[in-house]
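In the working numbering, the protein residues as written are 404 to 507.
Ideal Cβ positions, reconstructed from N, Cα and C, are used throughout, including at glycine.
Worksheet: one structure, shown below.
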């Protein structure tokens, strides 16, 4: 089985959404995915509303904040403070591994 997500960014590296790799693989194997299709067809878009603003996650964010965010989200895009660049993708498994290695 293929796990993970692939972040989708615009030409200015602004996050637009993600592609669930396992779900896309299932569609491909079922003959429901066409290699000439646009990524947009298989992408889950991020919500951009004033009612649900983005949560800023940076390398300096407290681990408690990241943990709380990951309780309701599949992954976090770690960005610079200005949200201009995606620096990393963090998952609950990544956080757990980090905590175990650091002995917290």
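* Asked: Which residue spans inside the segment 472 to 496 form an unbroken alpha helix (DSSP H) run of at least 4?
  -> none
* Asked: Candidates 414, 445, 415, 417: which alpha carbon is nearest residue 429's?
  -> On the chain shown, position 26 is the one that residue 429 refers to. For the residues 414, 445, 415, 417, the minimum Cα distance to residue 429 belongs to 445.
* residue 469 beta carbon less than 9 Å from that of residue 454 -> Residue numbering aside, residue 454 sits at position 51 when the chain shown is read from its first letter. Residue numbering aside, residue 469 sits at position 66 when the chain shown is read from its first letter. No, the Cβ-Cβ distance between residue 454 and residue 469 is not below 9 Å.
* Could you give the distance in angstroms between the alpha-carbon of residue 420 and the alpha-carbon of residue 465? -> On the chain shown, residue 420 is found 17 positions in, with the first residue counted as 1. On the chain shown, residue 465 is found 62 positions in, with the first residue counted as 1. Their backbone Cα atoms lie some 24 Å apart in a straight line.
* Asked: What did DSSP end up calling residue 424 once you bin it into helix, strand or coil?
  -> The sequence position of residue 424 within the chain shown is 21, counting from 1. Residue state, collapsed to three classes: helix.
* Are the CB atoms of residue 492 and residue 440 nearer to each other than 9 Å? -> Here residue 492 is taken as the residue at index 89 of the chain shown, counted from 1. Here residue 440 is taken as the residue at index 37 of the chain shown, counted from 1. Not a contact, by the Cβ cut-off of 9 Å.
* **Option in 483, 456, 474, 477 with minimal Cα separation from residue 462** => Stepping through the chain shown from its first residue, residue 462 is reached at position 59. Residue 462 has its Cα closest to that of 483, out of 483, 456, 474, 477.
* Beta bridge counterpart(s) of residue 411 as assigned by DSSP -> Reading the chain shown from its first residue, position 8 is the one you call residue 411. BP columns for residue 411 point to 420.
* Asked: Quick one: Cα of residue 475 to Cα of residue 437, how far?
  -> Here residue 475 is taken as the residue at index 72 of the chain shown, counted from 1. Here residue 437 is taken as the residue at index 34 of the chain shown, counted from 1. Roughly 31 Å between the two C-alpha positions.
* Asked: What distance in whole Å lies between the Cβ atoms of residue 472 and residue 494, which are believed to be in contact at a cut-off of 8 Å?
  -> Here residue 494 is taken as the residue at index 91 of the chain shown, counted from 1. Here residue 472 is taken as the residue at index 69 of the chain shown, counted from 1. That belief does not hold up - the Cβ atoms of residue 494 and residue 472 are roughly 11 Å apart, past 8 Å.
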